[in-house]
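Below is one structure, written out as structure tokens, with a few remarks after it.
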Amino acid sequence: MTDDNTQTSLNDKGRYWAGLIYPDSCPDDWKATMQMSGLQILVSPVHDKDIEDPKTGKLKKPHRHVVAMWTNTTTRRNATRFFEQFNGPKTILRVESPRGMARYLVHLDNPEKVQYLPEDVIEINGADWKKIALTDEERPEVMELLELIEEWEVHGYFELLKLCELKKPKLLPVAAKATTYCREVIWSYWQFKERNSKFKDELMERQREELRRKKATEQTKQRARRKKLDQSARKSRKNRRVKNQPQKSAKKQRRKNHGHRA
């Protein structure tokens, strides 16, 4: 039994299968559906700048690449049923190289194609793009690039290339290959720095406001305590006057009586 679109057996088996979905036709809850499947899945950023015809510059229909990963091998038939939920093309591919496909999600090895950002890859149910797409050798180099950008506060891609050339020659091939990625990291670094600066300013202002509020609260409490003490003092003085009043009246009466006897 064969699939008319692929001309391959629906009973073919594999652990990794890839297909396309279109933003304008897939269900609104496609992410939730993928999460509910329990499969580890990588979904590319929207490829909306891919060129279909180099002569005319015509663009391909915006799409996403999806790589679904089963724990055990599954049939093409079963994989097809999974992808059918998203209303994409019926043709799906059995993936022989998960790393190669993961890298293709952002055209990492295709400098002639539009480059997309690795951080825009959607990772579902624990799928890890970096672990799949990057080799053990590449991962440290990517981190070194990030550290270099932060340490030297690199402002532009050309500056990064020159810095790699002078300080870290081994990073130059990586930086030269991942043009869009490096530019985005530089931009993101300065965005983060700006936000962090604003955050610190806002935090300091909140702390100052909190101190002002505490001071105002303490002053209110002090006024209340003073008022209470004043009231207590007035009441005490009043009580003493009331207590002394009968004694004064008695003395006055005795003086009066003494005058009559005289």
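For the sequence shown, position 150 matches number 160 in this note's numbering, and the numbering has no gaps at all.
Note that beta-carbon positions come from the ideal geometry of N, C-alpha and C, so glycine has one too.
For clarity, every value in this text was computed on a predicted model and none was experimentally measured.
Q | Endpoints, beta strand (DSSP E) assigned at Asn82 | A | The residue you call residue 82 lines up with position 72 of the sequence shown. Residues Arg74 to Thr85.
**Q.** Separation of Lys140 from Glu154, as counted between CA atoms
**A.** Here residue 154 corresponds to residue number 144 of the sequence shown, with the count starting at 1. Here residue 140 corresponds to residue number 130 of the sequence shown, with the count starting at 1. Taking the straight line from one Cα to the other gives about 15 Å.
(Q) For the alpha helix (DSSP H) containing Gln45, name the first residue and the last one. (A) Here residue 45 is taken as the residue at index 35 of the sequence shown, counted from 1. Segment Trp40 to Ser47, the alpha helix (DSSP H) holding Gln45.
Q. Between Ala185 and the rest of its own chain, which residues show a CB-CB distance below 7 Å, the 5 nearest in sequence each way excluded?
A. For the purposes of this step, residue 185 is taken as residue 175 along the sequence shown, with counting starting at 1. Here the set comprises Leu155, Leu170, Leu171, Cys174 and Cys192.
Q. Is it true that the CB of Trp40 sits closer than 8 Å to the CB of Ile51?
A. Taking the first residue of the sequence shown as 1, we reach residue 51 at position 41. Taking the first residue of the sequence shown as 1, we reach residue 40 at position 30. The answer is no: Cβ separation not under 8 Å.
Q | Arg165 burial status per 10 Å Cβ neighbour count (16 or more: buried) | A | If you number the sequence shown from 1, residue 165 lands on position 155. According to the sequence displayed, residue 165 carries His and not Arg. Exposed: under 16 other Cβ atoms inside 10 Å.
Q. Can you list, in chain order, the residues of its chain whose CB lies under 8 Å from that of Met11, leaving out five sequence neighbours each side?
A. One-based indexing of the sequence shown puts residue 11 at position 1. At Met11, the pLDDT of 36 sits below 50, so the modelled position is not reliable and the matter cannot be decided from this model.
Q. Using a Cβ-Cβ distance under 8 Å, would Cys192 count as near chain C?
A. In summary, chain C is missing from the structure at hand, where a single protein chain is found.
**Q.** Cβ-Cβ distance between Met79 and Tyr114 below 8 Å
**A.** Your numbering for residue 79 matches position 69 in the sequence shown. Your numbering for residue 114 matches position 104 in the sequence shown. Not closer than 8 Å, so no.
Q | Nonlocal neighbours in the same chain, by C-beta distance under 8 Å from Gly110, ignoring five residues either side | A | Working through the sequence shown from its first residue, we reach residue 110 at position 100. Within the same chain, Gly110 has close Cβ partners Asp119.
Q) In terms of DSSP beta bridges, what is Trp27 paired with? A) Position 17 of the sequence shown, counted from the start, is the residue given in the question as residue 27. BP columns for Trp27 point to Ala78 and Arg104.
Q) If you run the structure through DSSP and keep just helix, strand and coil, what is Leu69? A) Reading the sequence shown from its first residue, position 59 is the one you call residue 69. Of the three classes helix, strand and coil, the one that applies to Leu69 here is strand, per DSSP.
Q | Identified DSSP bridge partners for Asp58 | A | Along the sequence shown, read from residue 1 onward, the residue named residue 58 stands at position 48. BP columns for Asp58 are empty, so no partner.
Q. What is the residue span of the alpha helix (DSSP H) that Glu122 lies within?
A. Indexing the sequence shown from 1 puts residue 122 at position 112. Glu122 -> no alpha helix (DSSP H), and no H or E assigned at all.
Q.
Tell me whether the segment 71–87 and the segment 43–50 touch, counting them as touching only if at least three CB pairs, one residue from each stretch, are closer than 8 Å.
A. yes
Q) In its own chain, which residues sit with a C-beta less than 6 Å from the C-beta of His75, not counting the 5 before and 5 after it? A) Within the sequence shown, numbered from 1, the residue matching residue 75 stands at position 65. Result list for His75: Ser54 and Leu115, in chain order.
Q: Tell me, to the nearest whole angstrom, how far the beta carbon of Arg86 is from that of Arg104; I am working on the premise that it is less than 8 Å.
A: Here the question's residue 86 lines up with position 76 in the sequence shown. Here the question's residue 104 lines up with position 94 in the sequence shown. Going by Cβ atoms, the distance from Arg86 to Arg104 rounds to 7 Å, so yes, they are a contact pair.
**Q.** Delimiting residues of the beta strand (DSSP E) encompassing Val53
**A.** Position 43 of the sequence shown holds residue 53. Gln50 to Val53 is the extent of the beta strand (DSSP E) around Val53.
Q) Residue range of the alpha helix (DSSP H) that Glu175 falls in? A) By one-based count along the sequence shown, residue 175 stands at place 165. Glu175 -> alpha helix (DSSP H) spans Tyr167 to Lys177.
**Q.** Buried or exposed (CB count within 10 angstroms, at least 16 for buried), Pro33
**A.** As a first step, residue 33 is located in the sequence shown; it is residue number 23 there, counting from the start. With fewer than 16 other Cβ atoms within 10 Å, it is exposed.
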